[in-house]
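Per my numbering, the very first residue in the sequence shown carries number 2; after that it's consecutive.
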Amino acid sequence: MKIDVIENVMQYNKDEAEINRKKFNENKVSVVNILSAPGAGKTTLIIETIKKLGSNIKTGVIEGDISSTHDSEKIKEYTGNVVQINTGGTCHLNASMIAKAIEKLPLKDLDLLFIENVGNLICPVGFDLGEDRRMVLSSVSEGDDKPVKYPKAFVKTDLVVLNKTDMLRYSDFNIDFFSSRSGN
């Protein structure tokens with residue numbers, strides 16, 4: 002028996018992502034979607050980057066979390082252009098969530114937009130949000146096997162950043178193993 006697939010479930014997200022991408026391009030905003038496991042340091046990386054960029058680069062942040070505004074409150078000290086998305090249990094952001102969030106941001110005044118995705122290396126991988134670049138942040142404290150356990154996250158990314166490297170001397174983290182498996 003042949004089963005007809007009537008509609009690609011992901012097509013709606015792809016269409017929304019293209020609309021987001023067009024808006025970002027029209028407003029000349031570079032967008033980085035950051036994925037990681039919980040606690041890898043996404044929020045700290047964003048804050049430190051904003052601090053280093055100073056007032057030369059106008060930044061904004063879309064903060065994705067299952068609940069709370071804890072991270073967005075920290076980020077708000079460094080840029081007023083922060084929108085919180087609480088997914089209420091959904092393990093990833095999708096393009097329509099981003100579409101609603103960017104309505105609350107002054108895109109024409111931004112140079113760079115960070116999307117801090119929900120802390121998860123499985124679910125967010127399949128969802129294009131309209132970003133220019135995708136970054137995976139991993140930390141030494143998580144172990145060197147993340148690229149093996151979550152290969153799609155590492156293959157479908159533009160940049161892999163290893164965080165908490167000051168802990169290398171206290172762990173058995175094998176940086177060569179990690180690098181050879183990360184795909185970047």
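Where is the CB? At the ideal position from N, CA and C, for every residue including glycine. Note that the coordinates shown come from a computational prediction; the quantities given were computed from them, not determined experimentally.
*So, helix, strand or coil for Leu-111, using DSSP?*
coil
*Would you mind giving the Cβ-Cβ distance between Leu-94 and Asn-118, rounded to the nearest angstrom? I have them listed as a contact below 8 Å.*
Yes, Leu-94 and Asn-118 are in contact; Cβ-Cβ is about 5 Å, under 8 Å.
*So which of Asp-133, Gly-120, Val-84 and Asn-82 has the shortest CA-CA distance to Glu-186?*
With the chain running from 2 to 185 in the structure shown, residue 186 is simply not present.
*asked:* Considering Cα atoms alone, identify which of Lys-52, Val-84 and Thr-88 is closest to Ile-67.
replied: Thr-88
*Use the C-beta contact count for Ile-36: other C-beta atoms within 10 angstroms, 16 or more gives buried, fewer gives exposed.*
As written in the sequence, residue 36 is Leu, which differs from the Ile given in the question. Flag for Leu-36 reads buried.
*asked:* For a test of the three-state rule: what should DSSP assign to Thr-91, helix, strand or coil?
replied: coil
_Just to confirm, is the Cβ distance from Ser-172 to Val-141 under 8 Å?_
yes
*Proximity below 8 Å, CB of Ser-56 to CB of Glu-64*: no
*With a CB to CB cut of under 6 Å and the five nearest residues on each side skipped, what residues in its chain are close to Ile-1?*
With the chain running from 2 to 185 in the structure shown, residue 1 is simply not present.
*With DSSP collapsed to three states, give me the class of Ser-139.*
strand
*In angstroms, rounded to a whole number, what distance separates the CA positions of Phe-155 and Leu-54?*
Distance between the alpha carbons of Phe-155 and Leu-54 is about 26 Å.
*Helix, strand or coil: how does DSSP classify Ser-37 here?*
strand
*In whole angstroms, what separates the C-alpha of Leu-108 from that of Met-136?*
Cα to Cα, the separation comes out at about 21 Å.
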